[in-house]
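Following: one structure in structure tokens, then a few remarks.
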């Protein structure tokens, strides 16, 4: 008979995500994970597998969490431009309980070149965001908010590339005025 888990799996996964996000994959030890997650080593292995499998699970958790936040945030906006502005702002704003930057960007830099599963989550996340921006640009063009002369696909690539850059910059500067100016310049490309 299987034993009942003595910990909340989602809570433990979230705690592991935060530790990986803060320290990176390579610098995070199993000992730190067990301590941060509040689980016994055996329970961690039984539930999540090895460190790499746990990391991949945290990438999925991060992706799903971000997707929900972004989708909810853009539904609360009044226009396509405001929806894209929300995505930019979300990329640079830090929740009080979250590390600076973006776990997916960190993964791209640290692991994607040599880890196919990490690369797959990076690509999935970036494809989702770029497609969302593309659809918002099309919506803005149909409503007359954005120029129809813009190639929506190309512009979505440009804007999302800028968002990735902003996520890196947000880790290294507290100059909100500069970050907001970069956002406004990017949004002006849509006029």
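Numbering (my numbering), first residue to last: 1 to 191. Where a beta carbon is used, it is the ideal one built from N, C-alpha and C, also for glycine.
DSSP three-state assignment for residue 150, whether helix, strand or coil: coil
Close beta carbons around residue 157, own chain, < 8 Å, minus the five adjacent residues each side: Excluding residues within five positions, the ones whose Cβ falls inside 8 Å are 130.
Boundaries (first-last residue) of the alpha helix (DSSP H) holding residue 188: Segment 176-188, the alpha helix (DSSP H) holding residue 188.
DSSP-derived helix/strand/coil call for residue 31: helix
Boundaries of the alpha helix (DSSP H) in which residue 140 is found, first to last residue: 116-143
Under 7 Å between C-beta atoms of residue 179 and residue 70: no
Buried versus exposed, by CB contacts within 10 Å (16 or more), residue 104: Buried is the call here.
Rounded separation between residue 60 and residue 39 - CA only: 20 Å
Three-way DSSP call (helix, strand, coil) for residue 107 in this model: The answer is helix: DSSP assigns residue 107 an H, G or I state.
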